[in-house]
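Undergrad: Order-wise, the sequence lines are chains A and B. In my numbering, each residue carries its 1-based index in the first sequence increased by 53. In my numbering, each residue carries its 1-based index in the second sequence increased by 53. All residues carry an ideal CB built from backbone N, CA and C; glycine is no exception. Structure below; questions to follow.
2 protein chains.
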Amino acid sequence: MSKEKNFKPSKELPLGFVDRQEKELLVRDFVISNIKEVMIKYGFKYLETPSFEYTDSIGKFLPDKDRPDQGVFSFKDESNWLSLRYDLTAPLARYVAKNYMEIPKPFKRYQLGTVWRNEKPGPGRYREFLQFDADYVGTNSLQADAELCVLISEILQKCGLDKKDYTVKISSRKFTDKLFEQLKIKSKEQISTTLRALDKIDRLGWEEAKKLLGVGRKDKSGDYTKGANLNSDQIKIIENALKSKTSDSEDVLEIIKIFKDYNFENYKLDPSVIRGLEYYTGPIFEVNLNFEVKNSKGQAIQFGSIGGGGRYDNLVSNFGNFNCPATGISIGLDRLVFALMQKKDFKIRTTRPVVICVFDKNKNKEYVAILNKLRISNISSEIYPGEGKLKKQMEYANKIGSPAVILYGDDEIKSGKATLKNLESGKESLVKIEDLSNEIKKLL
Amino acid sequence: MSKEKNFKPSKELPLGFVDRQEKELLVRDFVISNIKEVMIKYGFKYLETPSFEYTDSIGKFLPDKDRPDQGVFSFKDESNWLSLRYDLTAPLARYVAKNYMEIPKPFKRYQLGTVWRNEKPGPGRYREFLQFDADYVGTNSLQADAELCVLISEILQKCGLDKKDYTVKISSRKFTDKLFEQLKIKSKEQISTTLRALDKIDRLGWEEAKKLLGVGRKDKSGDYTKGANLNSDQIKIIENALKSKTSDSEDVLEIIKIFKDYNFENYKLDPSVIRGLEYYTGPIFEVNLNFEVKNSKGQAIQFGSIGGGGRYDNLVSNFGNFNCPATGISIGLDRLVFALMQKKDFKIRTTRPVVICVFDKNKNKEYVAILNKLRISNISSEIYPGEGKLKKQMEYANKIGSPAVILYGDDEIKSGKATLKNLESGKESLVKIEDLSNEIKKLL
């Protein structure tokens, strides 16, 4: 916070944060409205917890411990530490504990909200993103887990994806629990470091992730991350286990049986699905897109998952003596939107206003009369909002992508007709004021 | 961050933050969809800046300096300070400076987003709230200022308010500039302390605000705020000026002339409108609700404004050599929603699912078949999502406010009919599976 007199602040954004433009926001609105429709149909309640929580309340379940403050934005508030939520699940557990007596059990809620991760920013890695979460709280029933996969599928199809465009992968934390038993890994820290390393296979590839299973890994920037210190035999056992395409985990088999009742076939059993968060206790899911996605440089990339989730039966009981099994799923909306926008045949309509040009400030009343007529007909429209000659006004209309301009100079006012200029075809026509709305609707 | 073994984290929220329930969120969605419709019609572009900015970039224009860190949440990030935005205007100025060459001029954008203020929390005073902002950037035209008032009016009417329910008050920063000249106040600090004190008249009343114009004020909690150190003559001059119901400010007179072109009459000229933010340079607006609003204790309260704005011609030029006059308006959506929910005749529909009861886990396939039929007909529905006897399932259905339950036991399965129990009337009827959707639609 500089105090210099001629100090000019930065026009840039901190790393890991972005400005989002209209087209992306409209696609996001489209996705959100589909989510809300499906959530109502499936009987979920809409809830919103705030962005800040007591740091203690949301715990430290984050997979990324590269940073001293455990990957969260934390803030000292008088005598307490507050943190921006890093997911929507930990705040839900706090909400359930706080309102345990009042809420129905089971409790089904969905939330849409921004989450923050104070991780090392990098290309395509953001520190703030919008999530959608749906959770079943207070139930052991694996029907809940199964239905989460079914509902995500319905949402994606509503957004225009075909069955071939995505896969819901399922596995179970019980599978890795068994693996760790076999490997004789018992220390909580070693287990969580191993889970985090395994979760990074998708992004780093097996060879790099292997380093994190061993002594550690230096990334491109030179930063060093300590590994899980497994020996080469242990790493070999893991490699083989992840390659197997079956899992005899009972919970997963039960879910697959329920999928049949729903005629849901768009899943894949995949033990290599890990999910980094420590709080999972049973079935875990991951939603992957199968169509080609390009990065900002136009290169086809391994896009990875757009979300996932799983069962977390012990999270609420951190707050006290609650027996409150739960399961949930999260979708990263920014990632889904990014991919959707690249899908062939996916279109979103943006509306740009018709511009009424200003010839004479004293004729404002006449311009406003036209404007009100157009707006009453629900036509996006504006009087040129600045000051300047006609040429500048036309440049403005072209720049904003206006479909047409209306010219209403002295001659036109006398005749009771305005000139409507179609900016796409360049064609001009004289139109009676009362017919303007209809003529404009024809050219939109 | 306690490390004790049996440590139980708090179930409470930090002061100034709240959980929001379905009904409020649905009203908010309704308001937001109205805003978006009006924004498209008026030709504004949808934009979203991130929640974090470099602290330097968004400056220190906050009215509340009671706190050492100027009322913002700030975080040290390696060598830079980041802050959560305290409004949507300062980030817009940063965005405009960053993209000055690319954006159309004038530039009209709207944004919906959470803002944070690290102020002293108190009853009804939150530290996070959702704002809607619409701005005209790069124009001196007072038509822009006038249209902001007109569009807010249209939004409020779309939300169900009558003309008598709200007033747009207008004044001008030029009015206080003149007043300060008359009072011979020149120091920037004294001016901003005076503006903040005046802006608090609504909330504290004149007698308490007067203390802030003088030496200072101790609040109920015992906290002391230094005043502007004006003498009693100066305070008297201010008091008289604020009581006058006219303003000869040229900009305000011009705006009122433009209002006539729009047939907009729902405004009031009011020099006592101050707005605390320092960056205003010309016309200022405030939107007030006129109907009775009660606080959480059921007491009728002086609700005050739901938003406002004004012209800020110098904000973008803080970033460099930009000649970029601008004007904008903000609405506090949480406050508007809070008031709307109390308005007589205002209703919002919440949808709760029909519950299909579970008699036998092995009959899941039959239950899912019914569920799919209902959901295809877009009926909110679910299979009881837990485990337990019929009595518990009925209690659950009543608790969530379900309109009906479906009972499909062995006898019913044999007959091809299900029992539909209306939970409002208590009436039961046997319905053929293929007729269920229609029967349910009748009772909704």
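(1) For the alpha helix (DSSP H) that contains A/PHE137, what are its first and last residues?
(2) Please report the distance separating the alpha-carbon of B/ASN451 from that of A/LEU342.
(3) Is A/GLY454 close to chain B, meaning its C-beta is less than 7 Å from at least one C-beta of that chain?
(4) If you scan the segment 289 to 324 of chain A from start to end, which runs of the beta strand (DSSP E) of 3 or more residues do you find wholly inside it?
(5) Would you kindly work out how many angstroms separate the C-alpha atoms of A/ASN374 and A/PHE185, rounded to a whole number?
(6) A/GLU339 and A/LEU195 - do their beta-carbons sit closer together than 7 Å?
(7) Locate the beta strand (DSSP E) running through A/GLN164, then write down its first and last residues.
(8) Cα-Cα, which of A/ASN491, A/LEU165, A/LYS350 is closest to A/SER86?
(9) In terms of alpha-carbon separation, which member of B/PRO406, B/ASP314, B/ILE486, B/LYS418 lies closest to B/LYS470?
(10) Report the option in B/GLY269, B/LYS289, B/ALA294, B/ILE327 whose CA atom is closest to the CA atom of B/ASP255.
(11) In chain A, what lies closer than 9 Å to B/LEU100 by C-beta?
(12) Threshold first: 4 residues or longer. Then list the alpha helix (DSSP H) segments lying entirely within the segment 420 to 444 of chain B, N to C.
(13) Could you give the DSSP three-state label for B/VAL125: helix, strand or coil?
(14) Say yes only if the C-beta of A/LYS495 is nearer than 6 Å to one or more non-hydrogen atoms of the ligand MG, and no if none qualify.
(15) Is there a Cβ from chain A that is less than 7 Å from the Cβ of B/GLU492?
(16) What number of angstroms, rounded off, separates the C-alpha of B/LYS158 from the C-alpha of B/TYR107?
(17) In or out: A/ASN59 buried (at least 16 other Cβ within 10 Å) or exposed?
(18) In this structure, how does DSSP classify B/SER478 when only helix, strand and coil are distinguished?
(19) Quick one: what's got a C-beta closer than 7 Å to B/GLU261's C-beta in the same chain, skipping five residues either side?
(20) For the beta strand (DSSP E) that B/LYS356 lies in, which residues bound it at each end?
(21) Are the C-beta of B/PHE391 and some C-beta of chain A separated by less than 7 Å?
(22) What are the boundary residues of the beta strand (DSSP E) that B/PRO336 is part of?
(23) To the nearest angstrom, how far is the alpha carbon of B/TYR148 from that of A/ILE223?
(24) Going along chain A, which residues have a C-beta under 7 Å from B/ARG428?
(25) If you draw a straight line from the alpha carbon of A/ASP387 to that of B/LYS321, how long is it in whole angstroms?
(26) What number of angstroms, rounded off, separates the C-alpha of B/ASP119 from the C-alpha of B/TRP169?
(27) Take the Cβ of B/ASP464 as the centre, count every other Cβ of all protein chains shown within 10 Å, and call the residue buried at 16 or more, exposed below.
(28) If you measure between the beta carbons of B/PRO505 and B/THR102, is that distance less than 7 Å?
(29) For A/LEU66, which residues in the same chain have their Cβ closer than 8 Å to its Cβ, ignoring the five residues on either side in sequence?
(30) Output the distance between the C-alpha atoms of B/LYS313 and B/ASP198, rounded to the nearest integer angstrom.
(31) Do B/VAL190 and B/MET394 have their C-beta atoms closer together than 7 Å?
(32) For B/GLY373, decide whether its Cβ has a neighbour in chain A, counting only Cβ atoms nearer than 7 Å.
(33) If we define contact as Cβ-Cβ less than 7 Å, is B/SER104 a contact residue for chain A?
(34) Using a Cβ-Cβ cut-off of less than 9 Å, list which residues of the segment 174 to 204 of chain B approach chain A; keep chain order.
(35) Along chain B, in chain order, which residues have C-beta atoms closer than 7 Å to that of A/ARG147?
(36) Mind pulling the chain A residues with CB within less than 7 Å of B/ALA281?
TA: With the structure as the only source:
(1) Per the sequence shown, residue 137 of chain A should be read as Leu rather than Phe. Premise fails: A/LEU137 lies in the beta strand (DSSP E), 133 to 137, not in any alpha helix (DSSP H).
(2) 39 Å
(3) no
(4) 320 to 322
(5) 28 Å
(6) no
(7) 160 to 169
(8) A/LEU165
(9) B/ILE486
(10) B/ILE327
(11) ASP72, ARG73, GLN74, GLU75, LEU78
(12) none
(13) coil
(14) For the ligand MG, the structure offers nothing, since it holds no ligand at all.
(15) no
(16) 25 Å
(17) exposed
(18) coil
(19) ARG270
(20) In the sequence on display, residue 356 of chain B carries Phe and not Lys. Run containing B/PHE356: none; DSSP gives neither H nor E here.
(21) no
(22) 336 to 342
(23) 42 Å
(24) LYS94
(25) 43 Å
(26) Its pLDDT being 44, under 50, B/ASP119 is placed unreliably by the model, and nothing is read from it.
(27) exposed
(28) Given a span of 54 to 497 for chain B in the structure shown, any question on residue 505 of chain B remains unanswerable.
(29) ASP72
(30) 14 Å
(31) no
(32) yes
(33) yes
(34) TYR179, ARG180, GLU181, TYR189, GLY191, THR192, ASN193, SER194, GLN196, ALA197, GLU200
(35) LYS64
(36) The contacting residues do not exist; B/ALA281 stays about 22 Å from chain A at best.
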